[in-house]
Amino acid sequence: MSKLNRRHFLVTGLTAGAAAAIPAGAAHADPGPVESADSLASRGLTTDPFTLGVACGDPDSEGFVIWTRLAQQPLAEDGFGGMPQRPFTVQWQIYADERARRVVRAGATVAAPEWGHSVHVEVQGLGSDREYWYRFRVGPYVSPLGRARTAPHPLSYGGGLAMAFVSCAQYEHGYFTSYRRLAEEHPDLVLHLGDYQYEYTKNSYTIPGGNVRHHEGPETETLANYRQRHAQYKADPDLQAAHAAAPWLVVWDDHELDNNWADEVPEKPEIPQPNFLSRREAAFRAYYENMPLRRTSIPRGIDMQLYRRIRWGRLATFHMLDTRQYRDDQGCGDGYRDCPAAVDPARSITGAAQEEWLLHGFRHSRAQWDILGQQVFFAQRDNNEGPAKVTSQDAWDGYVASRRRITQGWIDAQVRNPVVLTGDVHAHWASDLKLDYDDPTGPTVGSELVATSISTGGNGADSDPASHPFLAINPHLKFYNNQRGYVLTKIERSQMSADFKVVPQVQTPGGEVYTRATFVIEDRVPGVQQTYLRPLDPTLRSRGSMTVEETVRLETERP
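The sequence shown runs -29 to -1, 1 to 530 under mature numbering (1 follows the signal peptide of the UniProt record, and there is no 0).
Here it is in structure tokens:
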């Protein structure tokens, strides 16, 4: 078998020079000597360091990034995970089979203390549209096995794509059962749209009846705090299962740093926070250390490149957005307001550079589906039946001109199937998208699917989705459900279907999952069409219609 040339075989770690590549003809070659347990113990590594699991992310047609982070004591207050302040060599292998017998790539990289002993290995030169498996090793210690996948060739549609998306996992409010059930679906790709972790200290963000488990440490402000909090979440076995099941595309929202932050402005600017920029730098660094991101996202001070584009062959292009780092501050505070600043054309939720990048992507897209993976509600949601327009100033409703420019951009570019995916609001929603929401008879120009929380808010409750008052005030809104769960989609050339999955119980472990509703978006037919609605289960804690006031409270109530 001939050796791969540099163009077709590139392997990189966080420290580029630390990676070792082996040609395909020597796929079973040992990437280096295995250090003994005694040798590791003499340098302070005495127990299994793979307590935080493994992850894969940002796949393309030739490869992906694989991740792990070494931590002997994940909840150590200093944020170092019980690791000595010295580097360790980490070996890695990529397999063509689930039984981990056929090695196709292997190498070694360095887990450095400066980066929390995290490992990011970018693997290229693999076959397109294929499953792979991977794991890591340090001496006698071997990580769990993870499943990876490459995208189809850029000129191929491939088969259908099973893609799930999730948001808002508050560790204290419930068990991560939804992650476990998601892993059991065996998706090809998972999008996490923000609020991966929460910044609050114990008992400061509580649900009725009390939280079912508790955060370690203070409110996160330092690098040690954020590392410890990420480790507490990553140590959860249900979250580890979801990461090991499929490659992820991740973006943050607010709680990875501070509730409702906007660029360099904290949630409550009226309260002096002289450490906010150092807090932002620490949060960004810890986020990179704990996510399967490529080197293009290595943070530089208070800045981090997170918006990016991932292509799934000709079938789909994912435009992953960052609506926090570059936005103008909320015009009239963070809640629901009738706010004149919301329509100011000078205000932006994406910043000028990201907006132009997105519009350029629309103009040059040849994908069947253009999918925006982003954080906050895109469609208008007016909660007032009268002439006032009372909307969430933290969402796109607080940046109306920004939303209109981007919507007009995909119309002008004749994007075939624009779909916006959203998290943040702790409830399932489905919506048609309009250019002009004040004209309900105007054409539908896109579709929005919104995932409820993994656990934030506790169990929630079922209700008749058609009775929600927002749907009457905003006829483009088509569905609402206030239970926990995720959205599982199937993307094909002819249509995109979305199952709104719910786990009725998250305040006790081990809940089952079912589909509450299914919506379909047909090729070249913008808008969502309901094809299935599960009847209300009388054995569950059902209720009448949600009120406007309760909906606003569940979305916006914070400590």
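No residue lacks a Cβ here, since even glycine has one placed at the ideal position from N, Cα and C.
Using a 10 angstroms sphere on the CB of LEU420, the tally of other CB atoms reaches 16 or more, which defines it as buried. Of the candidates TRP38, GLY87 and THR22, GLY87 places its Cα closest to the Cα of ASP49. As summarised for the region 112 to 196, the continuous beta strand (DSSP E) elements at least 3 residues long and confined to that stretch are 117 to 120, 132 to 137 and 160 to 163, given in chain order.
The alpha carbon of GLN56 has as its nearest neighbour, out of ASP68, LEU16 and HIS185, the alpha carbon of LEU16.
Within the region 187 to 257, the complete beta strand (DSSP E) runs of at least 3 residues fall at 219 to 221.
Rounded to the nearest whole angstrom, the C-alpha separation of GLN500 and THR486 is 16 angstroms.
In its chain, beyond the 5 residues on either side, GLU252 have a beta carbon closer than 7 angstroms to the beta carbon of GLY272. Counting C-beta atoms within 10 angstroms of its own C-beta, ARG14 has fewer than 16 neighbours from the protein chains shown and is therefore classed as exposed. Ranked by how close their Cα comes to the Cα of SER418, the residues GLN203, HIS447 and SER434 have HIS447 in first place. Between the alpha carbons of ALA8 and HIS214 lies a distance of about 28 angstroms. Nearest to GLU528 by alpha-carbon distance, out of ARG250, THR479 and ASN231, is ASN231. Taking a C-beta distance under 8 angstroms as the contact criterion, THR393 and GLN141 do not qualify as a contact pair.
The bridge partners DSSP lists for VAL390 are ILE342 and SER418. With a threshold of 16 other beta carbon atoms within 10 Å, THR412 falls short and is exposed. Taking the CA atoms as reference points, PRO218 sits about 12 angstroms from ALA133. Here VAL477 is buried, its C-beta having at least 16 other C-beta atoms within 10 Å. Bounds of any alpha helix (DSSP H) do not take in GLY413, whose DSSP letter is neither H nor E. Taken through DSSP and simplified to helix, strand or coil, ILE382 comes out as helix. For TRP104, the enclosing beta strand (DSSP E) begins and ends at 102 to 109. Collapsing the DSSP output to three states places THR527 in a helix. Between the C-alpha atoms of ALA257 and ARG198 there is a straight-line separation of about 6 angstroms. Taking a contact as a CB-CB distance under 8 angstroms, the pair PRO270 and TYR278 does not count as one, their CB atoms being some 14 angstroms apart.
Residue pairing by DSSP places PHE289 opposite ILE281 and ILE342 in a beta bridge.
Distance between ASN452 and VAL386, taken at the CA atoms: about 29 angstroms. Distance from the CA atom of VAL484 to the CA atom of ASN182, rounded to whole angstroms, is 22 angstroms. No Cβ-Cβ contact shorter than 8 angstroms links ARG108 with GLY117. Every beta strand (DSSP E) of 3 residues or more that sits fully in the region 48 to 95 is shown, in chain order, as 59 to 66, 74 to 82 and 89 to 94. With a beta-carbon spacing of about 5 angstroms, TRP340 and ASN388 fall inside the 8 angstroms limit used to define contacts. Residue range 35 to 40 is occupied by the beta strand (DSSP E) that includes ILE37. When GLY431, GLY322 and LEU504 are compared, the shortest CA-CA separation from GLY145 is found for GLY431. For HIS439, the secondary structure class from DSSP, reduced to helix, strand or coil, is coil. When only Cα atoms are considered, THR22 and ARG72 end up about 24 angstroms apart. In the DSSP annotation of this structure, ASP31 is not part of any beta strand (DSSP E), being labelled neither H nor E. Taking the CA atoms as reference points, PRO497 sits about 25 angstroms from SER363. Counting C-beta atoms within 10 angstroms of its own C-beta, GLY456 has 16 or more neighbours from the protein chains shown and is therefore classed as buried.
Three or more pairs of CB atoms, one per stretch, sit closer than 8 angstroms, so the region 342 to 354 contacts the region 163 to 182.
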